Every structure is written in structure tokens, then in C-alpha cells.
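Inspection log for the structure reproduced underneath, given as C-alpha cells.
Protein chains in written order, with the numbering used here: chain C, 2 to 277; chain S, 2 to 277.
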């Protein structure tokens, strides 16, 4: 079952000579969780919040999360202070198992950390805002996994396959009940006057770390926050819409289907408070 | 990204020295499909139906399935005529990709074939029938993936983790609309007089090969077949209930929750027609 991994950008269980087993339950069933973290000068940004979320997501599917020390050691092996910015993807799986859904009585969780470059985002996504595609692929309901960033991501893959126009920054996903949930790789907020609203994610969706940070800090912009069920019509009637994730931070949404929003400052202001 | 696999029971892209990449999209997102096939004296049982289903499932998520010849060659490498019975698990993924949900412009699908022993099923499951657990974990709706045996199987894992009693053969899963769908690793049929009914799987569930074979051959037992939406109450009022998959074939259900069924012959008769 052992395999040799030949790459200086991938750590498997802390080793450059580690292995992904064909019997790993992450591979067999998507039985695991992951995080994508921006790494600035060797240091993972917003690490305490990311680690807290990783522990919570592992716990949601009954995996014991590796200690923060173990992961910090992985960061130190893979990243250096000299690098301005890079991306770490952390994957934690339930580890190897025999064929069949039943996990072994004793599991050995497996961890992978993969280093990659920060995507070459167009500068005008930051300066002018972005256009979104409205995805036909819906997010299914599964309350037991709602909010969790697990490895069962075929819905996101199918949704992302719907458009090829590079001018489209992301795709908005509704759920099977026609509620607005998220983008394929970002959370979404809509502002109505002084209320910053984000979709309820108790049936599906991924509750991301940047979404959490924005909710915790919006009051510094004199904005109240609300987590609500929201349909497409409600979203389209918002004064402003932004999307967010851990890599690009915050982008102003300027267009969705036929709806256009004027250039406004919510994304700029949220970016500031995320780094204050 | 290359890795050496050290096992004589695992073929990766046709090679015993193959590799599971940490960047494989099967591992990253569950972006792939699989099959479990019984292999008798080196030959995969019901192979044409299995291969047809594999092609269909690959197609549902936009993967080009390897040719039958390629897979037959894998079987020949891994199994021998001298072996009475064994199990082949075939996994097809979209192959490697950069970080992010968007598949690469050119994909190289990856295939894995894993050989394992047939589970040591208790003989009384065949002779006397089985008890089922009623799972609390529901199957979410996702019409785009309904019926497909893809690698996003966390729901089955969570459902299978609900019981530890080895006397329970499988768990019955309802969907989020309270309809009967399947067991964690089997399809289900209910007989009402001369009608053999199985749940509609247009919103979720896996439409297995044994289910298909039973539907195609039930007429030889003078049974009509029907695919219907079915709730738990309807299931519990059936004259007989059976579950089926490619490994154990067919088992008579004798108990689910407080409901008990008398010993009857449907499973025995279906087993016969599957091998006629």
C-alpha cells in the first residue's frame, strides 16, 4: 500500500517521501475534509480560525484532527519566510480502510499539505469587481454535512464545468429549494442598507473562514449582520453584493445574469477590516 | 507527482508500480466513479452489464471511460482462473488537476483495480435472511448525480457508522423527503402480490447492476416490476422484501425495526434467475 511521492511541494503525513494509498478512504469515498489557506512570508493567514474550522469539520465526520503543532511543522517544512505569498491546501482523511463503507475499528487519519502558487487573479477583479454565472447545478440538502468543507465536491465540479468564459469569476449556486447558497469556491454576502446578509447554511453549503471573519468584524463598518434564507430575487434586489474566500479575499459583484450593480466600495472596505 | 505502489493486489493505470497522485481529482473532490464486481475463476461476473454501467456513470460526470479491452487486460493481470472467487473494485477518476474545481482542458482519466477477498458473509444471511438497521442519515437529493455510483460517498459512510451490531446486515436509507431509497451497500425490492417494486432513483441513490438484472428477469418468476416512489410505511406493508448487490447476490429481509417478515422464498428464486 506504500507509495513514494516525488515532489517538493507535497507533504504526506509530514514526509516528502510519503504516499497516497489506493485504499485511503479519502480516495475511495471522499471520506475527509480540506482547507485552502493563504501563506504570507511562510505564515498561514488567519491560522487560528482555519485550524478551529479544520477541527470542527473533522469532528463533524468523526475524524480526529492532527494537532496544530503537527500542521505548523508541515508549514515550516513546505514554506519559507522568503516567499511573499503562496497557497497551502490541507487535506485530512480517515486514512486507509478495507473495502466497504464501515471505517476500521482503529483509524489512522492521513494528512496532506500541498503547496501551490496563488492564482494569477486579474487585477480588475479587485479594482472593478466581477461577473458571476448562475449555475444550473444545484446544491443538494444534507444537514449532517452542511457547512463542512468535506471531500465530496462533485456538485462544485459539475457547477464549475458549466462555463468557460475567463471573464466570469465564479458561479452562483442555488440549492434544490431555490435558495441562494454560495459560489463554487466562495461565500456570498448581500447588503441592504446597513444590514449585511449571508445565506443560512444549515442544509448545505460550506461555511468558510472569510465569511466568519466578515461576520465578526462587520460592526466596525457600522454594518449589522444577518444569516437568512435568501432566494435569487432577494439577492438581485440587494444594494451591493460581494463574494469572499481565503485566497482572493473579497470581490465586489458587478453582474449576475441581466442584473448589474454600480461600482461601490463594500469589497474595498471589507478587505480593509479583514487585515486590521 | 509520481508514486510507486507496492502491492500485488492493486493495479494503477494497468501497472503494479503505478501511483495515486495527491493531485488526483478522485482524491481531491471524489471526482470519479467506481464499480464492485465479483470475479469467479478469473472472470468478472455480469461483465457486460457492469461495463455498460461504468461507461454510463463516467459519462454522467464527463469522464471518458477506458475501453473494455483495457479493463479486461487489468482483470487478466490481477486474477487467475485458479481462484474460485474474489472481488474487483474498479475506480475511474478524472485524473490529475491543478488546485481548483475546474478540470484541466485536457484530462487523463486514471484507473485503479483493487483485488480483495469476497467478504466472509454469514451463511444464515443466505439461509434465514437478514435484519436491517433504519439509518438516521438521509440521502440528499441531487438529480444530476442520481443513480450514479460516484466517489462522493460520505452519506453512506455516515450511515454505516450508525450501527456496530454484526447481526445487522445493512442499513436502510431514506431520502430527505422520507422516501425509501436503498441500503448503504445494496438496492432494495418489495413484493406486493405479483408486483416486484423498487424505489425510483431519479433524485438520489445508486442504481446497481443487480437491481437492473432483477428487473430484466423477474418476468421469468411471473412477477411484474415497478419503479415507484415508496415511503417506509409502504415498504413495511410489503409481502416480502429483499436486498441485492453484486457480491452477495440477494438476501431476504426478515426484520426492520419492529417489523418481522416470515421466512419466504423470493431471495432464493431471484438468486436462481440471476444465474440462469
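No residue lacks a Cβ here, since even glycine has one placed at the ideal position from N, Cα and C. It should be emphasised that the depicted structure is a prediction, and the values quoted were computed from it without experimental measurement.
Taking just the CA atoms, how far does residue j sit from residue i?
| i | j | result |
| --- | --- | --- |
| residue 251 of chain S | residue 86 of chain C | 56 Å |
| residue 100 of chain C | residue 117 of chain S | 8 Å |
| residue 81 of chain S | residue 242 of chain S | 36 Å |
| residue 103 of chain S | residue 180 of chain C | 24 Å |
| residue 44 of chain C | residue 37 of chain C | 13 Å |
| residue 113 of chain S | residue 55 of chain S | 13 Å |
| residue 72 of chain C | residue 19 of chain C | 15 Å |
| residue 195 of chain C | residue 153 of chain S | 40 Å |
| residue 91 of chain S | residue 115 of chain S | 7 Å |
| residue 236 of chain C | residue 140 of chain S | 29 Å |
| residue 260 of chain S | residue 218 of chain S | 28 Å |
| residue 275 of chain C | residue 268 of chain C | 10 Å |
| residue 15 of chain C | residue 22 of chain C | 15 Å |
| residue 215 of chain C | residue 224 of chain C | 10 Å |
| residue 164 of chain C | residue 157 of chain C | 12 Å |
| residue 231 of chain C | residue 262 of chain S | 47 Å |
| residue 111 of chain S | residue 265 of chain S | 44 Å |
| residue 128 of chain C | residue 198 of chain S | 59 Å |
| residue 29 of chain S | residue 64 of chain C | 17 Å |
| residue 69 of chain C | residue 137 of chain S | 33 Å |
| residue 48 of chain C | residue 11 of chain C | 19 Å |
| residue 121 of chain S | residue 159 of chain S | 23 Å |
| residue 52 of chain C | residue 234 of chain C | 36 Å |
| residue 98 of chain C | residue 253 of chain C | 44 Å |
| residue 155 of chain S | residue 155 of chain C | 12 Å |
| residue 17 of chain C | residue 17 of chain S | 22 Å |
Closest to residue i by C-alpha separation, out of the options, would be which residue?
| i | options | result |
| --- | --- | --- |
| residue 221 of chain C | C:273, C:176 and C:248 | C:273 |
| residue 96 of chain S | S:41, S:203 and S:31 | S:31 |
| residue 255 of chain S | S:25, S:91, S:89 and S:130 | S:130 |
| residue 106 of chain C | S:135, S:106 and S:161 | S:161 |
| residue 229 of chain C | C:266, C:146, C:190 and C:22 | C:190 |
| residue 146 of chain C | C:266, C:60, C:27 and C:17 | C:60 |
| residue 249 of chain S | S:26, S:119 and S:48 | S:119 |
Would residue i and residue j be called neighbours here (beta carbons separated by less than 8 Å)?
| i | j | result |
| --- | --- | --- |
| residue 173 of chain C | residue 133 of chain C | yes |
| residue 206 of chain S | residue 200 of chain S | yes |
| residue 34 of chain S | residue 58 of chain S | yes |
| residue 296 of chain S | residue 50 of chain S | Residue 296 of chain S cannot be examined here, being either before or after the span of chain S that is shown, 2 to 277. |
| residue 151 of chain C | residue 62 of chain C | yes |
| residue 203 of chain C | residue 123 of chain C | no |
| residue 27 of chain S | residue 94 of chain S | yes |
| residue 135 of chain S | residue 24 of chain S | no |
| residue 187 of chain C | residue 171 of chain C | yes |
| residue 169 of chain S | residue 175 of chain S | no |
| residue 42 of chain C | residue 77 of chain C | no |
| residue 192 of chain S | residue 227 of chain S | no |
Given a threshold of 16 other Cβ atoms within 10 Å of its Cβ, counted over all protein chains shown, does residue i qualify as buried or as exposed?
| i | result |
| --- | --- |
| residue 247 of chain S | buried |
| residue 4 of chain S | Its pLDDT being 42, under 50, residue 4 of chain S is placed unreliably by the model, and nothing is read from it. |
| residue 67 of chain S | buried |
| residue 271 of chain C | buried |
| residue 6 of chain S | Unreliable positioning characterises residue 6 of chain S in this predicted model, as indicated by a pLDDT of 43, which lies under 50. The coordinate reading is nonetheless provided below. Buried, since its Cβ has 16 or more Cβ neighbours within 10 Å. |
| residue 149 of chain S | buried |
| residue 75 of chain C | buried |
| residue 277 of chain S | exposed |
| residue 46 of chain C | buried |
Can you round the beta-carbon distance between residue i and residue j to whole angstroms, since I take them to be within the 8 Å contact cut?
| i | j | result |
| --- | --- | --- |
| residue 212 of chain C | residue 245 of chain C | 6 Å |
| residue 177 of chain C | residue 142 of chain C | 6 Å |
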